[in-house]
Structures are given as C-alpha cells and as structure tokens.
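One line per chain: the protein sequences are D and R, in this order.
All residue numbers for the first sequence refer to the working numbering, where the first residue is 2 and numbers rise by one.
All residue numbers for the second sequence refer to the working numbering, where the first residue is 55 and numbers rise by one.
We put the CB at the ideal spot given by N, CA and C, even for glycine.
Note that the coordinates shown come from a computational prediction; the quantities given were computed from them, not determined experimentally.
Have a look at the structure below, then the notes.
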Amino acid sequence: MAAAMPLALLVLLLLGRRGWCLAEPPRDSLREELVITPLPSGDVAATFQFRTRWDSELQREGGLSVLLKADRLFHTSYHSQAVHIRPVCRNARCTSISWELRQTLSVVFDAFITGQGKKDWSLFRMFSRTLTEPCPLASESRVYVDITNYNQDNETLEVNPPPTTTYQDVILGTRKIYAIYDLLDTAMINNSRNLNIQLKWKRPPENEAPPVPFLHAQRYVSGYGLQKGELSTLLYNTHPYRAFPVLLLDTVPWYLRLYVHTLTITSKGKENKPSYIHYQPAQDRLQPHLLEMLIQLPANSVTKVSIQFERALLKWTEYTPDPNHGFYVSPSVLSALVPSVVAAKPVDWEESPLFNSLFPVSDGSNYFVRLYTEPLLVNLPTPDFSMPYNVICLTCTVVAVCYGSFYNLLTRTFHIEEPRTGGLAKRLANLIRRARGVPPL
Amino acid sequence: MGLLSDPVRRRALARLVLRLNAPLCVLSYVAGIAWFLALVFPPLTQRTYMSENAMGSTMVEEQFAGGDRARAFARDFAAHRKKSGALPVAWLERTMRSVGLEVYTQSFSRKLPFPDETHERYVLGEWGVPGPRAHLGGRGLGWVSPWRVSWGQEAQWEGKSLVGIGGLEKGGLQRPTTVTLRSPPPYCIQMVSGTNVYGILRAPRAASTESLVLTVPCGSDSTNSQAVGLLLALAAHFRGQIYWAKDIIFLVTEHDLLGTEAWLEAYHDVNVTGMQSSPLQGRAGAIQAAVALELSSDVVTSLDVAVEGLNGQLPNLDLLNLFQTFCQKGGLLCTLQGKLQPQDWTSLDGPLQGLQTLLLMVLRQASGRPHGSHGLFLRYRVEALTLRGINSFRQYKYDLVAVGKALEGMFRKLNHLLERLHQSFFLYLLPALSRFVSIGLYMPAAGFLLLVLGLKALELWMQLHEAEVGVEEPGGAPGPSVPLPPSQGVGLASLVAPLLISQAMGLALYVLPVLGQHVATQHFPVAEAEAVVLTLLAIYAAGLALPHNTHRPLSCRVVSTQAPDRGWMALKLVALIYLALQLGCIALTNFSLGFLLATTMVPAAALAKPHGPRTLYAALLVLTSPAATLLGSLFLWRELQEAPLSLAEGWQLFLAALAQGVLEHHTYGALLFPLLSLGLYPCWLLFWNVLFWK
C-alpha cells in the first residue's frame, strides 16, 4: 500500500502537469548524491539521492547511477526505495510553482561478506563498479563519506583518495564529519579515469563502530505452551544523563486476549508509572487491541514493558492456509524526542546537502525518532488440518453417542418387571379376586 | 447398549465375566505382550517417509569444505579450555565475532538440591569450616569409594582453575581460599555457575521472526571440542551465504544440559526450575528447530542420533527423516540407539534386531531423562535431536567435512520450512532408523494390559455385589440389584486409613530425602548425595512394613460386622482402578513408561490377595515394585547394549540412577521421580496392604 500511493500520485501528476503548464520552464538543476556511513552493527549503509524538478529530463546515463547495478543491490542485507514529490516555488513571490521529484535508495551492505571478513570497503567491492564521470545533466554530483572518529585518538581510519574538502554537521544529535568528493571537480576523475573510493581501518575495528543510538528497542514473546504467553518490549535509553519520554503504541490482534491488569513497566528494578495510558479493548473479529502509553525512560536504563495474553481459539475457517507458521503480531511503534549531545543549528534546506532532509530536526536540543520493533510470530492452538476434518467429526460423534449411552446406563436403576402373561383373562381374574377380598395374582 | 440395559442378559454377561475371568485376564495379558513383540514385523512397522513438502523434493548441494578450519578451531578451543579450566568465554566470543556473528553471553547459576556426583563439574560452593569428617574417606558403604575419589579430583581441579578464571568472576560467590581439601566439608551449598556463549547469524532481508539453533553442550572436560570446532567452521561457512531466510543461533553451553536449560529459560523469559541467569541481550524470534552436536574425535565411524527428550517427548518424525536423508545422501553410517539398522526385514533376523533397538528406545524413553541437550528444547515446542559422532574400531572413517555437509544440508532444508514441523508423527516408536510404528498401532498393546486390571476390577465389583446381595436377601431386600449406599459407605470408610497412610508414605518419599539430607549427613558418615539415596531406599523399605500393620486398629471395628473378605476386596478394587487410571494416563503421554510399568505391575496387582501362597505373591509383588522395575530395566538395558552388568555394578548403577532421577526432577523438571513416589509407589503399597490383610 505504501508503495502504491506515491506511484498513483506520480501517474496523476504526470497526466496533470502536461495539460496545465505549456510554458517553457527554466531548466532546473539535477542534484545527485551518495552518502556512505557505517552502522552500529558494523555494516555499511549507502544512500543515493537524486533530486530534480519534475519537468526536467529524467534519463540519466553517467554519474552516480552507474553504481546502481541490480545484482549487487539485491545481494545486500536491506534496501529501501522512496519517491518524494512536492511543490516548490519558482520565484521568491511564489507566483508559479514547480514540482520537485526526489528519489532515494538506501542500501545496507553486509560489510563482512563484501569485505571478505574485514570491515574495509571500497566502491568497487560494494557495487562492482567505479565512478567514471559526473552526470552530464547534473548541477551537483557529490559523494559524502562518513569519516567521524569515534575514538578519541586520531587517525583510526583512512580514505583513499584523500578528500579535498570535508563537511561537518550534526546528525541525530551527534557531530559527524564527512569527506566530500565532488564529481564535477575535473581533477577528481581525470587523475586515473575513474574514482574508486576506499576506506581502510588502521586497527582492527573492534571499538570503532559508531556508538549505539540513544534509543533502541527489542520485542519478544515469552512463555511456552499454547495457552498463555507474554509480550515483552525492552526499551533501551543509553543516553548517559538525560531521561526522556517515549510514546509506545501497540496494536495487538484480537486473538491474543490481553490481560491489561498484568501490564507491568519496570525500569532499573522499580515500577515505572506511565504518565498517560490509552487502551481500547479488542472486539472479536472487528478490531484489535490498541494500547498507547507515554513512558518516561530514565537515563542509562532498560525499561521492560510486559503484558500477558491468552491465545484464543479461532473458528476453523479463520485459520490462514499456513496456520502452523504462526500469526504475526505487528511491531510496536516508538515515538520520541531524543535529546541531542550537540546542539544543531537550523539548516538551510537549499544549501545543505540533500541527506539532511532525511533527518528532520525539530529544534536544536533534541530530535525526533520513530522506531518500529521487530514483528512477532505467535503460534495459536491449531487443529491438525492434515487430518481431514470429517475424521474429527466422526470421532466426536462416536464419543458423543458412547457417552450418552453410558451416562444413561450409569444413572438409571433397572427393575425387573414380571411379564404380563394372560392379559385380559388375568385382569378379569383379578377383578373377581378383588371382589372376593383375596390378594390379586 | 441394549445388552447392558437388559437385566437378564446383563446378569448372564456378568456371570460369563466372573466364570471366565482368569482365562480372559491371562489371554489379555499375553495378547498385550504379543502385540508389542509383533510391532517389529512389517505389517505393523512401516517405512518412514518425508511428509513435509518444503523439505521433501527440494535438492540441496552441500558446499561445506572447512574440515581443516574446524580442526584448527577445535585444537584452539581445547587448548584454551585446558588453560582456563572452564569454558573459554573470551576466546569463543572473539572467534565468533571474527567469523562475523553477533555475539552475546549469558551467565547463570543454579543451586543444586544436593551435589551431583556422577558429573565432576559442580565445584563452586561456599566452603565452610573443614569438617571433622576428613578421615572418612575409605569408610562407609562399598559404593561410596569411587565417589570419594571424584571428590579428590574435583578439589584438585578447582585448585587449577582458580588461577585461570578467578579474575573473571564478578563476585557473588566466595571462592575457596584453601584448595587442598580432600573431602567435602559439611554444609557445602552446591552452586553451579557458568556462562553460555551464543552467536546469531542474521538472515539478510528478514525481520528476525524465525530462527534455527545449532548447539554444542560442553561438559567439564575438553570433550566435545571437535563439535565446537565444527560449529565455528559451519558458522563461518554459513555466514558467507545469502540464502538464509531464518536467523541461525550458534550456541555453546557450559555444564552440559544445565547451561542449555538456563539459556532456553532465559530465551523464553520463564523460570521453570529456579535457575538464576542474566537476561539475554539478543534474540532471534521463534525457534523452529534445533540440532545438538556431540563430537569428540577428528574422525568418526558413525553418527548416532538421539531423539528421546525430557519426559519421553519426541521430536517430529520429519526431523529424523531429514537426518536419515542426508545420511543416505552422504553415505554416512548412521545408527539409532547405537545399533545399525537391519537390511533384511523379510527373514526373522531383521525384526529381531529391530526388537532390540525398539526395546532400547522404550527403556530410554521410559526413563524420561533428556538424552542429549535436544531433550530440553522439546518442552518449548522446538523440534530437536542430538547427533553424536561415534569413533569405534571400524575401518572406514569419515572426517569432519562429511559431518559438516550433513549438517549443512539439514540446515538448508530446515531453512526452507514455511511452517513449524507438524506434518509427520509426534508419537512413534522406532525399531530402526528407517522404520517406525505409529501411535495407532502400538497403543493396543498397552490397552490389552490395562484390560486385565479392568476385568479384575469388574470381577471384584461383582463379587462384592453378590456378597451384599447374599447378606441382605434373607432380610427381605426390595430388589435384587439395588446398589446399597449404607453398606458401601461403611466399606469405603475402612479404606480411608490405608489410602491415607500409603499416600503419606509417598509424600515422605518425595519430600524427605532432599529435605533431610543435612540431618543425615550430620548423624551418619555419608555425603549429601549418598544421604539422599539411602534415605530414599530406607523410606521405600519402611513403607513395606508400615501400612499393613496400621490399617487394622483403625478399621477393624467397622469391618468386623461384615463378611471377612469385603475389606480387602474393596481395597483391591480401589487400588486396581487407581492403578489402571494412572497407567492409562502415563501410557497416553509416555507410552514406553506406561507399557513398562504395566508389563511388570499388572500380573502382581491382579494376583494379590490375602489367601493362597502368600510368600510367593509377596515375592512377586516385591519383584515388580517400581524400584525393582528400575533395577531390572538397568540390567535389561545393558544386556541389550551388549555390555552386561555384574550384580555389584548393577547395584551401583541403580543407586546412581536414583540420585540422577531426583536431581533431574529438581534441575530440569523431569516427572519420573514424582510420578513414581507420589503416584505409583502408594498404589503399589495398597496391593502390599491387600496381600497382608488380616
């Protein structure tokens, strides 16, 4: 659905713009950019961004897009693509607007596989290509490489070729240093006809990975058996001295019947009272549970939010075709304003690099983060569908019949009644005997 | 139903059951045994087949070639292990990280109810003042001495390890300062603590919702180091592949199963057995299947597979089929219960060999202990089995590459799974690796045996009934077949005392040995484990003397007015129904245990009565008591393994088995001990009571 929306919009705009505006637009710039950053897990993330005015030509031949080779991109741990379209003013008075198209592609390379066991990387190893020329249409074509020293000692890593300029910025509350390679700078390419950026760690990068983010979370199902269970969410605040609130939103399917009285929130061994709870109970087959809480996370702590549930029995037509796979429970959503370590300046969107727009800054002292925990797989009590249902029904029928008869037999007492022989004759005889005052036969 | 509701025919039927009771009982018992023996013959035993579509037709090409790497890892591991004396946690962490896994550790500690002396691993304790019992080394019972030797070794071992890992412990436990202790001082609280190391291989482009586990349990010595080496080499190979759809957890546990239990409990965030452990930092969703590996040599001649888990639980048969598929594909020699599978099922030899394997499996399953660390996974509904490398004197040997390829193939096929393993059988018996008997075919054997109890109970019920009728008819009863509440009530009242007393004996048997071990060690020259076992035996034997003397003063007043036989008949009736109920329930959950107990207990239970050759009955009853069954099973087990026991060895093994049984109940939650002590032993005492009814 999320992918379909921008596409639909895109088609709409494609049809619409042509009709409205036939005037020759000023030739707008294409800006393209590649950002390479290490991740806390040791992997390497590469983010491409191409930004242009909608009306300009879209086909690109040279530049950064030569790196986009499908078989390498799909050999990675993760990738995500996005298309953003927004109106921008053409002049200061905003009398006419133009549409801006931004395409992003984020890829996480498994540094271990691409680097043959080391965490060094180069463009050629990651993409099996090198950069040969800037895009002829681009007004700006740059590669940013994150070379922030996380150790206090200098010189723990080395990039090759050495960058001509660097760029400093505050990203997600920490100061980062980027090496800039400008492809439009002719000296950059002309030296060797191609540009293969390489990064080498000078020492084994045991402690060289960037520090873990201040807020991260983990979620799991605990307990065993098919009757009960517990949903646990661990919220980590690794900020050394600042506590901050987090909004935790859980939607749990109705077939996990939550026991809200078992909701416990503990941080540092003490109970943590949420300052706000909104709970909307589930309705069977209609709506899921909705649980929303505002929790204060103390500095440098792990907060555990747990709630017990009971697994419901579904109707037998409600099971998915693969019921033994389990049922997915959607991730919790965490939203928080995380305090920064370094105050950020307000940025000028047009002048700063494109990737800044990926990290919205709310104000100088903190930044907004929305996190999704991992989805969960929960097994429900499942009938044995490999056994045909009629067998089960037959067995139940037999059991029911047997039970009825045995119950009947066990709860009744039997008396032997003398068979009525003689019928009419006997009755007559008894009448006579009664008249005589003699006991009947 | 019409047959039973018609009083005339009902009476005729009753008379038939009464008259033919003995032959029917014998017939039913023989039929039960014969049915069980027939299970190994082809119409009842079937070929195994792969039911799971996701694992059936897909082909896998194994590419593992890290044999040298595995051996190098194993050598390093063994060296580090020897140097530090415990699991080399830091080395494992470093190595796992170097092959690209996400590494976590988990520390755990567990206070044992009493020292486990069959494994020389439980060494840490708060050592009090060295006791006055140091001179007791060679005294005591005959079977004590080997345990004493093990204590000496432990103390030495402890001395070595102190230097190596003393710095790693964060505190909590007070380390001993004197290491020259040669015997356990009094009041040593047995704390076991260790560290598990595990690495997670995250599947690319997956959300960590499902995972597979490869686990290697490490004991106290450096056995299993080849398994650790192979695990690391496999991890390195798996890390380079991109086809994983499920995360893979590589787990190395310390203290064998205790570590596995600690890890599993922490993974599922439950506390079943009172284990104290640090919470896990990394998880990988729902575990779909697990394979435990035990290898202690660079080359193997065969791979043995163990399926029996805690309380007789079995993994899905498809997992075993998967293993067998790769055995065939790789040309590996694979065994079940240490037995090769017979080739020829048409002649008598094949089924006879199958019968041996089947009996071994029944004995193992009946013991209810986890035979390998896979056994603990089953409680969490994780299908699991243990592969053991055997290095015997055979000519042809396989190296680690062959084993690694089999494991790689298994993991790749498990990776294909769309659902949990559920298609194939969960309840089965195995006469060979490629043959199985399904539950529908083996249950009648237990059914026939339990029918004996039912028939006997029916006979007693009707005899009681007739006795009542006989007593009351002269007084002018209203109807011939009215149940008589007043006389029934009196009959039941006389049963309360023996029932209560035997149940109390059972409770004492369950509680006292562990509770009273300190008292016993103070007053007698025994160690804790010996104290537990001896108390167990003492209470067990005391039970034989107690109940049949105590029922009389309580109940004779009431019974005296009635027919003299009514008392024991009513008691036997209750005992029979109680036994049938228990055995029926046990046979449903753990067929092997139910069948084994039914085979031994049913004849004696059916025969017990206070008339006739009492000494013969008493001897039979003693020979079929639960403890004697255990002893007999041990002999049978070793006989089937072609390593017969001498009487003294058997007795030692029996004592060790008792201690293990109690310990496993406390450490893993095995149910055999409470079942025997709280259920079957009191029931058996009732029959003893019947036999000596006065």
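Taken through DSSP and simplified to helix, strand or coil, L138 (chain D) comes out as coil. Beta-bridge pairing by DSSP links P271 (chain R) to R:T307. For chain D, the residues of the segment 286-315 of chain R that bring a beta carbon within less than 7 Å of one of its beta carbons are R293, G294 and I296, in chain order. Along the segment 101-130 of chain D, going in chain order, the ones with a CB nearer than 8 Å to a CB of chain R are D111, F113, I114 and G118. Of the residues assessed, R73 (chain R) falls on the exposed side of the cut-off, its CB having fewer than 16 other CB atoms within 10 angstroms. Looking only at D:S268, D:A337, D:T321 and D:P135, the smallest Cα-Cα distance to V303 (chain D) is reached by D:S268. Residues of the segment 367-379 of chain D with a C-beta atom less than 9 Å from some C-beta of chain R are E375, P376, L377, L378 and V379, listed in chain order.
Taking all protein chains shown into account, W317 (chain D) has fewer than 16 neighbouring C-beta atoms within 10 Å of its C-beta and is therefore exposed. About 5 Å separates the beta carbons of E34 (chain D) and R143 (chain D), which is inside the 8 Å limit, making them a contact pair. Burial check for G666 (chain R): the Cβ neighbour count within 10 Å stays below 16, so the residue is exposed. Note that the segment 369-383 of chain D touches the segment 339-352 of chain R; at least 3 beta-carbon pairs, one per stretch, sit closer than 8 Å. Judged by DSSP secondary structure, Q219 (chain D) falls within the beta strand (DSSP E) whose first and last residues are L216 to S223. Beta-bridge partners assigned by DSSP to R52 (chain D): D:R32 and D:R103.
Within the same chain, and ignoring the five residues on either side of V353 (chain R) in sequence, the residues whose Cβ sits closer than 6 Å to its Cβ are K451 and D453.
T159 (chain R) sits in a strand when the DSSP states are folded into three classes. Around N150 (chain D), no beta-carbon contact reaches into chain R at under 8 Å, the shortest distance being about 22 Å. Sequence-distant partners of V71 (chain R) (beyond 5 residues in either direction) whose C-beta falls short of 8 Å from its own C-beta, in its chain, are L78, L509, L512, E513 and M516. Setting aside the 5 residues that flank it on each side, Q419 (chain R) is surrounded in the same chain by E362, G366 and S646, each with a C-beta closer than 6 Å to its C-beta; the list follows chain order. If you look at I86 (chain D), you'll find it in the beta strand (DSSP E) that goes Y79 to C90. V67 (chain D) has its alpha-carbon roughly 7 Å from the corresponding atom of R130 (chain D).
For G174 (chain D), there are no C-beta contacts with chain R under 8 Å, since the nearest C-beta of that chain is about 24 Å from it.
Here A260 (chain R) has W298, A299, K300 and D301 as same chain residues with Cβ atoms under 8 Å from its own Cβ, once five neighbours each way along the sequence are excluded. Residues M559, A562, L563, L566 and P567 of the same chain have their beta carbon placed closer than 8 Å to that of I593 (chain R), with the five preceding and five following residues left out of the count. With 16 or more other Cβ atoms inside 10 Å of its own Cβ, G248 (chain R) counts as buried. The distance from the Cβ of I296 (chain D) to that of L227 (chain D) is about 30 Å, inconsistent with a contact at the 8 Å cut-off.
Excluding residues up to 5 positions away in sequence, L371 and S492 lie with their Cβ nearer than 6 Å to the Cβ of F479 (chain R) in the same chain.
Neighbours of Q228 (chain D) in chain R, taken as residues at a C-beta separation under 9 Å, are lacking, since the least C-beta distance is about 12 Å. When the alpha-carbon of Y225 (chain D) is set against those of D:F310, D:R87 and D:H80, the nearest one is in D:F310. Against chain D, the beta carbon of H476 (chain R) has neighbours under 7 Å at N325, listed in chain order. Against R337 (chain R), the close residues of chain D are Q219 and Y221, in the order they occur along the chain (beta-carbon pairs closer than 8 Å).
Going by beta carbons, V267 (chain R) and L312 (chain R) fall outside the 8 Å limit. Per DSSP, reduced to three states, the secondary structure at N161 (chain D) is strand. An exposed status is given to Q82 (chain D), since fewer than 16 other beta-carbon atoms sit within 10 Å of its beta-carbon. In the three-state reduction of the DSSP assignment, Y452 (chain R) falls in the strand class, which pools E and B.
Nearest CB-CB separation between G154 (chain R) and chain D: below the 8 Å threshold. Chain-ordered, the chain R residues with CB closer than 8 Å to the CB of G224 (chain D) read H322, D323 and V324.
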